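Engineer:
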Amino acid sequence: AQSVSQHNHHVILSEAASLELGCNYSYGGTVNLFWYVQYPGQHLQLLLKYFSGDPLVKGIKGFEAEFIKSKFSFNLRKPSVQWSDTAEYFCAVNALDAGGTSYGKLTFGQGTILTVHP
Amino acid sequence: DAGVIQSPRHEVTEMGQEVTLRCKPISGHNSLFWYRQTMMRGLELLIYFNNNVPIDDSGMPEDRFSAKMPNASFSTLKIQPSEPRDSAVYFCANMPVRAEQYFGPGTRLTVT
Chain A
-9 AQSVSQHNHH
1 VILSEAASLE
11 LGCNYSYGGT
21 VNLFWYVQYP
31 GQHLQLLLKY
41 FSGDPLVKGI
51 KGFEAEFIKS
61 KFSFNLRKPS
71 VQWSDTAEYF
81 CAVNALDAGG
91 TSYGKLTFGQ
101 GTILTVHP
Chain B
11 DAGVIQSPRH
21 EVTEMGQEVT
31 LRCKPISGHN
41 SLFWYRQTMM
51 RGLELLIYFN
61 NNVPIDDSGM
71 PEDRFSAKMP
81 NASFSTLKIQ
91 PSEPRDSAVY
101 FCANMPVRAE
111 QYFGPGTRLT
121 VT
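Chains A and B, in that order, are what the protein sequence lines are. Residue numbering for the first sequence follows my numbering, starting at -9 and increasing by one per position. Residue numbering for the second sequence follows my numbering, starting at 11 and increasing by one per position.
If you want it as structure tokens, here you go:
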């Protein structure tokens, strides 16, 4: 079964600092990749996604992520964080079987809490 | 479109009571997922449906948990009897296209 690992449990930054959150997955086949964000007390919202094509994908609010297939990684980046980016970030993988079927099942990482100080 | 609707938003109940959580998915979306989120275990997939049929319920923790999707517009997650360790936020998620899931606001369940 596939698994998703997020390297950092809690990241603390000051405003304007650059951000990179690591995500690695274990699955040798075709995957769809996602980053979700959960603001305090709210539900998960899609930040960005990768299905195919350009491995550098851009999402909302200035976030981007790069898919490196050889490293089974999908790291999230933002060049300059804001206080409003304080949230928990989840990496998720949708693994497709040989026939390309998955029913959309996602495997989530354990989440990374980002705290941005003003 | 109102998005995924869950009710109640908060539920406080005593141990041993039956709890029913409800989800109204986005109209026309075929797949529905129930998740549980706790500080200790993170986000766990409990069960998911495709075209109202349960596909995988291996994440359901115990027989006390059951889920149904009688039609495309409604799903329930039931816990009977409830226990304090069931306290969590339960999310319903819907998938319109290609694995992109939309989450409901969640139900915060507290079992005392």
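Virtual Cβ for every residue (Gly too), placed ideally from N, Cα, C. Keep in mind that this is a model prediction, so the values were computed, not measured.
In whole angstroms, what separates the C-alpha of arginine 51 (chain B) from that of threonine 30 (chain B)?
Structural biologist: Against the second sequence, residue 51 (chain B) aligns to sequence position 41. Against the second sequence, residue 30 (chain B) aligns to sequence position 20. Each residue's alpha carbon lies about 22 Å from the other.
Engineer: Does DSSP put proline 35 (chain B) in a helix, a strand or coil?
Structural biologist: Indexing the second sequence from 1 puts residue 35 (chain B) at position 25. Taken through DSSP and simplified to helix, strand or coil, proline 35 (chain B) comes out as coil.
Engineer: State whether the region 45 to 62 of chain B contacts the region 99 to 119 of chain B, with contact taken as three or more CB pairs (one from each stretch) at a distance under 8 Å.
Structural biologist: yes
Engineer: Does the pairing of the region 68 to 86 of chain A with the region -4 to 16 of chain A give three or more beta-carbon distances under 8 Å?
Structural biologist: yes
Engineer: So, at 7 Å on beta carbons, what are the nonlocal neighbours of serine 76 (chain B) in its own chain, with the 5 sequence-adjacent residues on each side left out?
Structural biologist: Position 66 of the second sequence holds residue 76 (chain B). Answer for serine 76 (chain B): Lys88, listed in chain order.
Engineer: Would you call the CB atoms of tyrosine 79 (chain A) and glycine 101 (chain A) closer than 8 Å?
Structural biologist: Here residue 79 (chain A) refers to the residue found at position 89 when the first sequence is read from its first residue. Here residue 101 (chain A) refers to the residue found at position 111 when the first sequence is read from its first residue. Contact flag set, yes.
Engineer: Please name the residue in B:Thr122, B:Thr120, B:Tyr112 whose C-alpha comes closest to that of glutamine 32 (chain A).
Structural biologist: For the purposes of this step, residue 32 (chain A) is taken as residue 42 along the first sequence, with counting starting at 1. It is B:Tyr112.
Engineer: Suppose you measure from the CA of glycine 69 (chain B) to the CA of threonine 97 (chain A); what does that come to, to the nearest Å?
Structural biologist: As a working mapping, residue 69 (chain B) is identified with position 59 in the second sequence. As a working mapping, residue 97 (chain A) is identified with position 107 in the first sequence. Distance between the alpha carbons of glycine 69 (chain B) and threonine 97 (chain A): 12 Å.
Engineer: Let me know the secondary structure DSSP gives glycine 52 (chain A) once reduced to three states.
Structural biologist: In the first sequence, residue 52 (chain A) corresponds to position 62, counting from 1. Three-state DSSP puts glycine 52 (chain A) in a helix.
Engineer: According to DSSP, simplified to helix, strand and coil, what is proline 106 (chain B)?
Structural biologist: Start at 1 with the first residue of the second sequence, and residue 106 (chain B) comes out as number 96. Three-state DSSP puts proline 106 (chain B) in a strand.
Engineer: Asparagine 127 (chain B) and asparagine 61 (chain B) look like a contact to me (Cβ under 8 Å); what is the Cβ gap, rounded to whole Å?
Structural biologist: Shown here, chain B extends from 11 to 122; a query on residue 127 (chain B) therefore has no answer.
Engineer: Does the distance from the C-beta atom of asparagine 84 (chain A) to that of glycine 99 (chain A) stay below 8 Å?
Structural biologist: Locating residue 84 (chain A) in the first sequence gives position 94, where the first residue counts as 1. Locating residue 99 (chain A) in the first sequence gives position 109, where the first residue counts as 1. Their beta carbons are not under 8 Å apart, which means asparagine 84 (chain A) does not touch glycine 99 (chain A) by this criterion.
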